[in-house]
Amino acid sequence: MTQLDKQGAAADTLRSGPRRRRTRGRAAPLPLLLPALVGLAFLVVPLLALLVRAPWRDLPSQLTSTEVWQALQLSLLCATSATLVSLLLGVPLAWLLARTEFRGRGLVRALVTLPLVLPPVVGGVALLTALGRNGIVGTYLDQWFGLTLPFTTTGVIIAEAFVAMPFLVISVEGTLRAADPRYEEAAMTLGASRFTAFRRVTLPLIAPGIAAGSVLAWARALGEFGATITFAGNFPGRTQTMPLAVYLAMQSDPAAAIALSLVLLAVSITVLAGLRDRWMTAS
Numbered sequence: 105m106t107q108l109d110k111q112g113a114a115a116d117t118l119r120s121g122p123r124r125r126r127t128r129g130r131a132a133p134l135p136l137l138l139p140a141l142v143g144l145a146f147l148v149v150p151l152l153a154l155l156v157r158a159p160w161r162d163l164p165s166q167l168t169s170t171e172v173w174q175a176l177q178l179s180l181l182c183a184t185s186a187t188l189v190s191l192l193l194g195v196p197l198a199w200l201l202a203r204t205e206f207r208g209r210g211l212v213r214a215l216v217t218l219p220l221v222l223p224p225v226v227g228g229v230a231l232l233t234a235l236g237r238n239g240i241v242g243t244y245l246d247q248w249f250g251l252t253l254p255f256t257t258t259g260v261i262i263a264e265a266f267v268a269m270p271f272l273v274i275s276v277e278g279t280l281r282a283a284d285p286r287y288e289e290a291a292m293t294l295g296a297s298r299f300t301a302f303r304r305v306t307l308p309l310i311a312p313g314i315a316a317g318s319v320l321a322w323a324r325a326l327g328e329f330g331a332t333i334t335f336a337g338n339f340p341g342r343t344q345t346m347p348l349a350v351y352l353a354m355q356s357d358p359a360a361a362i363a364l365s366l367v368l369l370a371v372s373i374t375v376l377a378g379l380r381d382r383w384m385t386a387s
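Residues in the sequence shown are numbered from 105 upward in steps of one, following the numbering used here.
If you want it as structure tokens, here you go:
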């Protein structure tokens, strides 16, 4: 390295080093630190209380009961099925929003994200009015095919997919917007159809976004309560998922409710650990 290069490197160090130290080492002002600590305690203390009050001695017997295993198995089955439905329908929808121009695209995006802010109970009522026996679509499903969706396991899957799919669509759409479309254009100039370019070029590029969105959708589906109990009911072995089992146990056996909550808490922590490298580390 020449003397001029050494001087340039030293100058870069002087310019970047103090700035980095000032940004990371600056003390927080007291008017911001106190509410920040209160906010942290507000979020953490209830979770700690759940761990402190957990019936650790009775936990094995609580979690090995028939009702708990039925609810857990049904929850895993329905959440996985709802995620598959979200993948089948959500990935093409995300591609449509990210790669095409059409009138009313903003309205379509708003409607897609509406279940994120819609109260889940309202979502369940909306599903009933659409897919119930007297719903605008459910009437024809019942008359033509003899198909009844509410208060069935299929109804649980539909309710969970309704609230979980927006998480997948948002994640995949963001990944598609970040991906360079010139790779697809290059594939099409070489003779590939648009669908082939999507399948062979785009999907491998956005696979991390699809994986992250799938995990979020699965976790959201696993924890769904309001739309499920409204549209599918709370029948043990058929529609009673883990959140519904927690709600039912809380009325008669709070210790069992805490034990079931610990299972869902463990799942949530696992999901956050899986997404840590993607969303929770600084670049």
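Glycine included, C-beta positions come from ideal geometry on N, C-alpha and C.
Remember, it's a predicted structure, so these values are computed and weren't measured experimentally.
Contact between P254 and L232 holds: CB atoms are separated by about 6 Å, below the 8 Å threshold. R237 sits in coil when the DSSP states are folded into three classes, being neither helix nor strand.
Under the criterion of beta carbons closer than 8 Å, F271 and A321 qualify as touching, at roughly 5 Å. Looking only at D284, L245, A183, the smallest Cα-Cα distance to L368 is reached by A183.
Non-local C-beta neighbours of N338 in its own chain, meaning closer than 6 Å and more than five positions away in sequence, comprise Q344, L348, ordered along the chain.
Fewer than three pairs of CB atoms, one per stretch, sit closer than 8 Å, so the stretch 301-313 makes no contact with the stretch 206-223. G317 places its beta carbon 8 Å or farther from that of V260. Sequence-distant Cβ neighbours of F266 in its own chain, meaning closer than 7 Å and more than five residues away, are P219, G227, L231, A331.
For R303, the secondary structure class from DSSP, reduced to helix, strand or coil, is helix. Fully contained in the stretch 339-374 are the following alpha helix (DSSP H) runs of length 4 or more, in chain order: 346-356. Classified as buried, T334 has 16 or more neighbouring CB atoms from the shown chains inside 10 Å of its CB.
Taking the Cα positions, L193 is about 45 Å away from L138. Non-local beta-carbon contacts of S185 in its own chain, meaning distances under 6 Å to residues more than five positions away in sequence, involve I261 in chain order.
For W199, the enclosing alpha helix (DSSP H) starts and ends at 170-203. Just so you know, the alpha carbons of A290 and T300 end up roughly 12 Å apart.
One thing to note: R203 has its Cβ no nearer than 8 Å to the Cβ of P312. Per the coordinates, the alpha-carbon of L201 lies some 19 Å from the alpha-carbon of A315.
By the C-beta density criterion, R324 is buried, having at least 16 other C-beta atoms within 10 angstroms. The beta-carbon separation of T256 and A175, rounded to 16 Å, does not stay under the 8 Å limit for a contact. With respect to P159, A363 sits close: the two C-beta atoms are nearer than 8 Å. DSSP places P219 within a helical segment (H, G or I) once states are collapsed to three. Membership of G242 in the alpha helix (DSSP H) is indicated by the continuous run 242-249. One alpha carbon belongs to W173, the other to V156, and they sit about 24 Å apart. In the DSSP annotation of this structure, the continuous segment of the alpha helix (DSSP H) that includes S318 starts and ends at 311-326.
When the beta-carbon positions are compared, L280 and S179 stay at least 8 Å from each other. Counting only the Cα atoms, A282 lies some 43 Å from G341.
Within the model, the alpha-carbon separation for T258 versus A268 is close to 15 Å. As for any alpha helix (DSSP H) of minimum length 4 sitting wholly inside the stretch 131-166, the runs are 134-156, ordered along the chain.
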